[in-house]
């Protein structure tokens, strides 16, 4: 829309809202267009384990896509068996694309690049799917990209806090650093104690506070 509220153009993206996650969608203005992060639909029948995958997309000022990068883990190879025409069996394998995690916010950097913040998948941190717990320790992740979309690095920060939900917000500060905010509850060292006492656990489960971290452009705390 222009300043008078008259619609100028409409663009449709493949970013979707999943029923399984909060899946925020963030779009920020750059000097030459926009940068956005969200859960994008994966191609049909293309070997993706998940229906959506965290994706960073750069556009011009009219939202025409300049480049798009999916944030994936190293692909996994799974064994499969096929039945041949003569009734015999052949053992093979299938490569599956896996999301690196849930990246939810993006900001510009002083060198013209971009930094995105989120959470790693348990496949990255533990090597396999883990048993579900009501809460898991916060392992924040960040990925830095050049203005062309080339990946420069991926880093993580661990803390003793427990996250209440897979949701965060990041913003750039006047000094060129970043503040990340998320809901948190129950210090990590006390998790076992509270889980063994249902009454104590329920008394704190709905009580959350704001957890803030400040990091620089290299994701140093």
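Residue numbers (the working numbering): 10 to 230.
Ideal placement from N, C-alpha and C gives every residue a C-beta, glycine not left out.
Note down, one range per segment and in chain order, each alpha helix (DSSP H) of at least 4 residues found wholly within the segment 62-141.
-> 131-134
C-alpha gap between residue 87 and residue 189, whole angstroms | 37 Å
Helix, strand or coil at residue 182 according to DSSP, with G and I counted as helix = coil
Beta-carbon proximity list for residue 67, same chain, < 6 Å, skipping 5 on both sides | 44, 75 and 76
Roughly how far, in whole angstroms, is the beta-carbon of residue 114 from the beta-carbon of residue 125, given that I think they are within contact range, below 8 Å?
-> Confirmed, Cβ separation roughly 7 Å.
Residues of its chain near residue 143, where Cβ-Cβ distance is below 6 Å and the 5 sequence neighbours each way are ignored | The predicted position of residue 143 is uncertain, since its pLDDT is 43 and thus under 50; a value taken from the coordinates is nonetheless stated next. Nothing listed; no residue qualifies.
Check whether the Cβ of residue 42 lies closer than 7 Å to any heavy atom of the ligand MN, and answer yes or no.
-> Absence of the ligand MN is noted for the structure shown, with no ligands found whatsoever.
Which listed residue (207, 186, 177 and 102) has its alpha carbon closest to that of residue 46 | Nearest C-alpha to residue 46: 177.
Beta-carbon proximity of residue 91 to residue 103, cut-off 8 Å = no
Among residues of its own chain, excluding the 5 on either side of residue 122, which ones have a beta-carbon nearer than 8 Å to its beta-carbon?
-> 153, 154, 155, 156 and 161
Around the Cβ of residue 230, are there at least 16 other Cβ atoms within 10 angstroms (buried) or fewer (exposed)?
-> exposed
Near residue 17, which residues of its chain fall below 7 Å by C-beta distance, leaving aside the five closest residues on each side in sequence?
-> 10 and 11
List the endpoints of the continuous beta strand (DSSP E) containing residue 50.
-> 42-50
What did DSSP end up calling residue 39 once you bin it into helix, strand or coil?
-> strand
In this structure, what does DSSP give as the bridge partners for residue 192?
-> 219
Nearest-angstrom Cα separation, counted from residue 116 out to residue 186 | 10 Å
With DSSP as the reference, please indicate the residues paired to residue 154 in a beta bridge.
-> 123 and 160
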